[in-house]
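Here is the structure we will look at.
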Amino acid sequence: MPKQQVTVQQKQAVIERAKGCCEYCRSQARFATQGFSVEHIQPTSKEGQSTLDNLALACQGCNNHKYNKTEALDPVTGKIFPLFNPREQRWLDHFAWNEDYTLILGLTATGRSTVESLRLNREGLVNLRRILYKMGEHPPSESK
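Below, the structure is given as structure tokens:
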């Protein structure tokens, strides 16, 4: 069966729904140093479809680290848990910001496994968050 392509209309709908932010690390595309892409939450290699309920906006770093993973190790329990699914879960239920809004903290096993697996606190992201916070541009309003 041929791979389903994501349409231009789907891409635009995903970008608008995400308000231009990576749905994992909450980076804003307007300040990003790398491109963003529409990714399959459930990878096509694992029967995922190119439907709006299976698509998310991701920065290149998160997309690269996620690759075709759907679960990862929780560093606290040592058990495997599903990665965060932005179509089925609320970001604020699984993540919070530290006091200076530079680090994403995992509140749940899913949150922690996602923080670790997708490396949501990559050095470049932390540095960018620090600068954007001082400019009043971080965090995005949906993740406060």
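Just remember that my numbering sits 274 ahead of the position in the sequence shown, which is counted from 1.
Ideal Cβ placement from N, Cα and C applies to all residues, glycine included.
The model shown is predicted, which means the values in this text are computed figures rather than measured ones.
Counting along the chain, where does the beta strand (DSSP E) carrying Gln390 start and finish?
-> Residue 390 is actually Glu in this sequence, not Gln. Careful: Glu390 lies outside any beta strand (DSSP E), inside the alpha helix (DSSP H) at 383-391.
Just confirm the distance between the C-beta atoms of Glu313 and Asn337, as a whole number of angstroms; I'd bet it's less than 8 Å.
-> Contact flag correct, Cβ pair sits at about 5 Å.
Top-ranked residue by Cα proximity to Ile315, from Gln302, Lys293, Tyr341, Phe305 = Comparing Cα positions, the closest option is Tyr341.
Looking at C-beta atoms only, is the number of pairs between the region 410-418 and the region 344-359 that lie closer than 8 Å three or more?
-> Segments in contact, no.
Three-state secondary structure (DSSP) of Gly398 = Collapsing the DSSP output to three states places Gly398 in a helix.
With a 10 Å radius around its C-beta and 16 neighbouring C-beta atoms as the bar for buried, classify Leu366 as buried or exposed.
-> Answer is exposed; the Cβ neighbour count stays below 16.
Use the C-beta contact count for Glu297: other C-beta atoms within 10 angstroms, 16 or more gives buried, fewer gives exposed.
-> If you draw a 10 Å sphere on the C-beta of Glu297, you find 16 or more other C-beta atoms in it, and that means buried.
List the whole-angstrom C-beta distance separating Gln308 from Gly335, where the pair is believed to meet the contact cut-off of C-beta under 8 Å.
-> The beta carbons of Gln308 and Gly335 sit about 6 Å from each other, so the pair counts as a contact at 8 Å.
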